Amino acid sequence: MTHPAPQPRVISAPGPLRGTVRVPGDKSISHRALMLSALAVGESRIEGLLEGEDVLATAAAMRAMGADIMRGGDGVWRVHGVGVGGLLQPESALDMGNSGTSTRLLMGLVASHPITATFIGDASLSKRPMGRVIDPLATMGADITASPGGRLPLMVRGLCPAVPISYRLPVASAQVKSAVLLAGVNAPGITRVIEPVATRDHSERMLAGFGADLSVEIDEEGARVISLVGEAELKPQQIAVPGDPSSAAFFAVAASIVPGSEVRIANVGLNPTRSGVFTALRAMGADIEEVDARSVGGEPVADLIVRHAPLVAADPDPALAPSMIDEYPVLFVAAALARGRTEIRGIEELRVKESDRIATMAEGLRAIGVACEELPDGLIIEGRDGDGFPGDAQVASKLDHRIAMSFAVAGLHAAKPISIDDAAPVATSFPDFFELLAHLQN
Ligand code: S3P
Numbered sequence: 001m002t003h004p005a006p007q008p009r010v011i012s013a014p015g016p017l018r019g020t021v022r023v024p025g026d027k028s029i030s031h032r033a034l035m036l037s038a039l040a041v042g043e044s045r046i047e048g049l050l051e052g053e054d055v056l057a058t059a060a061a062m063r064a065m066g067a068d069i070m071r072g073g074d075g076v077w078r079v080h081g082v083g084v085g086g087l088l089q090p091e092s093a094l095d096m097g098n099s100g101t102s103t104r105l106l107m108g109l110v111a112s113h114p115i116t117a118t119f120i121g122d123a124s125l126s127k128r129p130m131g132r133v134i135d136p137l138a139t140m141g142a143d144i145t146a147s148p149g150g151r152l153p154l155m156v157r158g159l160c161p162a163v164p165i166s167y168r169l170p171v172a173s174a175q176v177k178s179a180v181l182l183a184g185v186n187a188p189g190i191t192r193v194i195e196p197v198a199t200r201d202h203s204e205r206m207l208a209g210f211g212a213d214l215s216v217e218i219d220e221e222g223a224r225v226i227s228l229v230g231e232a233e234l235k236p237q238q239i240a241v242p243g244d245p246s247s248a249a250f251f252a253v254a255a256s257i258v259p260g261s262e263v264r265i266a267n268v269g270l271n272p273t274r275s276g277v278f279t280a281l282r283a284m285g286a287d288i289e290e291v292d293a294r295s296v297g298g299e300p301v302a303d304l305i306v307r308h309a310p311l312v313a314a315d316p317d318p319a320l321a322p323s324m325i326d327e328y329p330v331l332f333v334a335a336a337l338a339r340g341r342t343e344i345r346g347i348e349e350l351r352v353k354e355s356d357r358i359a360t361m362a363e364g365l366r367a368i369g370v371a372c373e374e375l376p377d378g379l380i381i382e383g384r385d386g387d388g389f390p391g392d393a394q395v396a397s398k399l400d401h402r403i404a405m406s407f408a409v410a411g412l413h414a415a416k417p418i419s420i421d422d423a424a425p426v427a428t429s430f431p432d433f434f435e436l437l438a439h440l441q442n
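Numbered per UniProt numbering, the sequence shown spans residues 1 to 442.
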């Protein structure tokens, strides 16, 4: 696929950030809401859907497989599903753009339907490993032909009925877990996923919410065992998507590092499988207050009030990694301004995200004046003890939205401007990011 022209951006320090922002809908929940609504018979309504490129890629794919998906003038999305087992053969390749979640979860759906789909994506997605989903889906009976290295473009020929499996996750990945469960939705019998390390549980919560017979138990070794009864009948739902903690994290770090800041971030999803970054920031001395705790769409939500605070190095517990996996790039920015040296380990998964986030961040941090050392599974960062970055440098975002936003946050506390070679990828997950930032600068 072709990618839009690069959009360079220069960020300079504006002074304190003040005011209230409401972050957009959770990306993980938005993908799942569209997919499960498209498998229910009848009309589901989704409020607060993230309208970023990744989620729109999922919507387009579900339309191509027969679902009727419309955005109402009121901003509520209405989905008429085809029923489990009812996905239609798409007429052309499914363009997943930059979105690994769309790709891996939809591969699961296709795997147990009597259809064939080709998946294509941008240069970043075409480098990402798909073997982790190909293996279990092939065991369920799907016939998958991938490009060398198990990459996109690839073709999935589904098998119906598929073979339900019991699968122990070899890597802590919610995408792999969800691919197997989504394939299991249309497989006869019980599909089981054993998860030694807990990852985000939105698929489990939402499948149960749509009426699937799903249970979660903890085995004698402490692993989560998720059992799903297949050939499920999903009932249409009204879904409210909470704000994305991964998007909120950029503002939480921004307010923490820019002296004089006080920001209220409204409607932040605080599912414990997602909120590790706030725990890690608090351990560094961040001042993050949770107010108005409530439940939205079956997920815990609160507003966060974040005030500037001097940060102190605190090595994040590797056990927190799955609950903050997407937030490390911006956490590195916080660590780079803290007092002391931070050693971050156990994050080798970052190397197979939209970019190699350990290498991309190390390169960019050095460019803006930070001493750091790359490790195979992490990064050591020498903190600047509150001294802003020297800046006066260009960093490369490498088609990775979270890299672009992390360096935008760094630019808010830099002596000289930081320029980002391409901020276009921000539109995949957070189209309003720069507008909301500008709002806090006034
Ligand atoms: C996601 C799972 C995570 C995360 C990604 C979204 C999901 O990926 O990094 O942004 O929605 O299931 P992995 O499963 O590869 O860890």
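Cβ atoms here follow ideal geometry from the backbone N, Cα and C, with glycine treated the same way. Keep in mind the model is a prediction, meaning the values are calculated, not measured.
Quick one: grab the DSSP three-state call for Met1.
Reading the sequence shown from its first residue, position 1 is the one you call residue 1. Since pLDDT at Met1 reaches only 47, below the 50 mark, its modelled position is unreliable, and no value is offered.
Quick check: Met65 and Leu87, are their CB atoms within less than 8 Å of each other?
Against the sequence shown, residue 65 aligns to sequence position 65. Against the sequence shown, residue 87 aligns to sequence position 87. It is a contact, given that the beta carbons lie within the stated cut-off.
Near the ligand S3P: His413 beta-carbon under 7 Å from a heavy atom:
Within the sequence shown, numbered from 1, the residue matching residue 413 stands at position 413. His413 Cβ: outside cutoff for every heavy atom of the ligand S3P.
Would you tell me roughly how many angstroms separate the C-alpha atoms of Met1 and Arg151, rounded to the nearest one?
For the purposes of this step, residue 1 is identified with residue 1 of the sequence shown, where counting begins at 1. For the purposes of this step, residue 151 is identified with residue 151 of the sequence shown, where counting begins at 1. Only weak support exists for where Met1 lies, its pLDDT of 47 falling under 50; the value from the coordinates is given anyway. Straight-line Cα distance between these residues: approximately 15 Å.
Report yes or no: do the region 206-221 and the region 269-279 share at least 3 C-beta pairs separated by less than 8 Å?
no
If I follow the unbroken alpha helix (DSSP H) through Pro364, where does it start and stop?
Position 364 of the sequence shown, counting from 1, holds the residue named residue 364. In the sequence as displayed, the identity of residue 364 is Gly instead of Pro. 357-367 is the extent of the alpha helix (DSSP H) around Gly364.
How about Ser102: is its Cβ closer than 7 Å to a heavy atom in the ligand S3P?
Reading the sequence shown from its first residue, position 102 is the one you call residue 102. Not under cutoff, so the answer is no.
Pairing CB atoms from the region 272-281 with CB atoms from the region 309-328, are three or more of them under 8 Å?
yes
At a cut-off of 7 Å, would you count Ala254 as near the ligand S3P, judging by its Cβ distance to the nearest heavy atom?
Here residue 254 corresponds to residue number 254 of the sequence shown, with the count starting at 1. Result no, Cβ not under 7 Å from the ligand S3P.
Can you check whether the CB of Val409 is closer than 8 Å to the CB of Gly243?
For the purposes of this step, residue 243 is identified with residue 243 of the sequence shown, where counting begins at 1. For the purposes of this step, residue 409 is identified with residue 409 of the sequence shown, where counting begins at 1. No, the pair does not count as a contact, with Cβ atoms beyond the cut-off.
For Gln237, which three-state DSSP category applies?
The residue labelled residue 237 in the question sits at position 237 within the sequence shown. Note: Gln237 maps to coil in three-state DSSP.
Hey, Leu17 and Ser261: beta-carbon distance below 8 Å or not?
Against the sequence shown, residue 17 aligns to sequence position 17. Against the sequence shown, residue 261 aligns to sequence position 261. Closer than 8 Å, so yes.
If you count every other CB in all the chains shown that lies within 10 Å of the CB of Arg294, and 16 or more means buried, which is it?
Your numbering for residue 294 matches position 294 in the sequence shown. Result: exposed.
Could you tell me the alpha carbon to alpha carbon distance between Thr360 and Gln237, rounded to whole angstroms?
Sequence index remark: in the sequence shown, residue 360 carries index 360 (1-based). Sequence index remark: in the sequence shown, residue 237 carries index 237 (1-based). Near 40 Å, if we compare the C-alpha coordinates of Gln237 and Thr360.
Nearest to Asp387 by CA position, among Ile368, Leu207, Ser397, is which residue?
Counted from its first residue, the sequence shown places residue 387 at position 387. When each option's Cα is compared against that of Asp387, the closest is Ile368.
Might you give, ordered along the chain, the residues of its own chain that have their beta carbon closer than 8 Å to the beta carbon of Ala254, omitting 5 neighbours on each side?
Here residue 254 refers to the residue found at position 254 when the sequence shown is read from its first residue. Correct list, in chain order: Leu17, Ser261, Val263, Val409, Leu412, Leu437, Leu440.
Hey, Ala393 and Leu379 are a contact pair by Cβ (cut 8 Å); roughly how many whole angstroms apart?
Working through the sequence shown from its first residue, we reach residue 393 at position 393. Working through the sequence shown from its first residue, we reach residue 379 at position 379. 18 Å between Cβ atoms; not a contact.
Tell me whether the beta-carbon of Met140 lies closer than 8 Å to the beta-carbon of Ala117.
Numbered from 1 along the sequence shown, position 140 holds the residue referred to as residue 140. Numbered from 1 along the sequence shown, position 117 holds the residue referred to as residue 117. Taking 8 Å as the Cβ cut-off, Met140 and Ala117 do not qualify as a contacting pair.
Proximity test, His401 beta-carbon vs the ligand FMN heavy atom, cut-off 7 Å
Of the ligands this structure carries, namely the ligand S3P, none is the ligand FMN.
Endpoints, alpha helix (DSSP H) assigned at His80:
In the sequence shown, the residue the question calls residue 80 occupies position 80. Here His80 belongs to no alpha helix (DSSP H); instead the beta strand (DSSP E) covers 77-82.
In its own chain, which residues sit with a C-beta less than 6 Å from the C-beta of Arg307, not counting the 5 before and 5 after it?
For this step, residue 307 is matched to residue 307 along the sequence shown. These residues qualify, in order along the chain: Glu262, Asp287.
In three-state DSSP terms, what is Gln7?
Position 7 of the sequence shown, counted from the start, is the residue given in the question as residue 7. Reduced to three states, the DSSP call for Gln7 is coil.
At a threshold of 7 Å, does Ser147 count as lining the ligand S3P (C-beta to nearest heavy atom)?
Translated into the one-based positions of the sequence shown, residue 147 becomes position 147. It does not: the Cβ of Ser147 is nowhere closer than 7 Å to a heavy atom of the ligand S3P.
Quick one: Cα of Tyr167 to Cα of Gly75, how far?
As a position in the sequence shown, residue 167 is number 167, starting the count at 1. As a position in the sequence shown, residue 75 is number 75, starting the count at 1. About 39 Å.
Decide if Gly346 is buried, meaning its Cβ has at least 16 other Cβ atoms within 10 Å, or exposed.
Here residue 346 refers to the residue found at position 346 when the sequence shown is read from its first residue. Exposed.
Which partner residues of Thr145 appear in the DSSP bridge assignment?
Here residue 145 refers to the residue found at position 145 of the sequence shown. In DSSP, Thr145 forms a bridge with Met155.
Quick check: Ile265 and Ser227, are their CB atoms within less than 8 Å of each other?
As a position in the sequence shown, residue 265 is number 265, starting the count at 1. As a position in the sequence shown, residue 227 is number 227, starting the count at 1. Against a cut-off of 8 Å, the Cβ pair of Ser227 and Ile265 comes out as no contact.
Collapsed DSSP secondary structure at Ser215 in the structure displayed:
Translated into the one-based positions of the sequence shown, residue 215 becomes position 215. Ser215 falls in the strand class under three-state DSSP.
With 16 as the cutoff for other CB atoms within 10 Å, does Asp122 come out buried or exposed?
Position 122 of the sequence shown, counted from the start, is the residue given in the question as residue 122. Label assigned to Asp122: buried.
Close-in-space but distant-in-sequence residues of the same chain around Val133 (CB under 6 Å, 5 per side omitted):
Counting from 1 along the sequence shown, the entry for residue 133 is found at position 133. Arg104, Met107, Val176, Ala179, listed in sequence order.
With DSSP run on the structure shown, which of helix, strand or coil describes Asp95?
As a working mapping, residue 95 is identified with position 95 in the sequence shown. Looking at Asp95 - three-state DSSP - the assignment turns out to be strand.
Which whole runs of the beta strand (DSSP E) in the region 409-435 are 3 residues long or more, in chain order?
418-420
Would Val426 and Phe407 qualify as a contact pair, given that the criterion is a beta-carbon distance under 8 Å?
As a first step, residue 426 must be located in the sequence shown, where it is residue number 426. As a first step, residue 407 must be located in the sequence shown, where it is residue number 407. Going by C-beta atoms, Val426 is not nearer than 8 Å to Phe407.
For a test of the three-state rule: what should DSSP assign to Asp303, helix, strand or coil?
Walking along the sequence shown from the start, residue 303 turns up at place 303. Here Asp303 sits in strand by DSSP.
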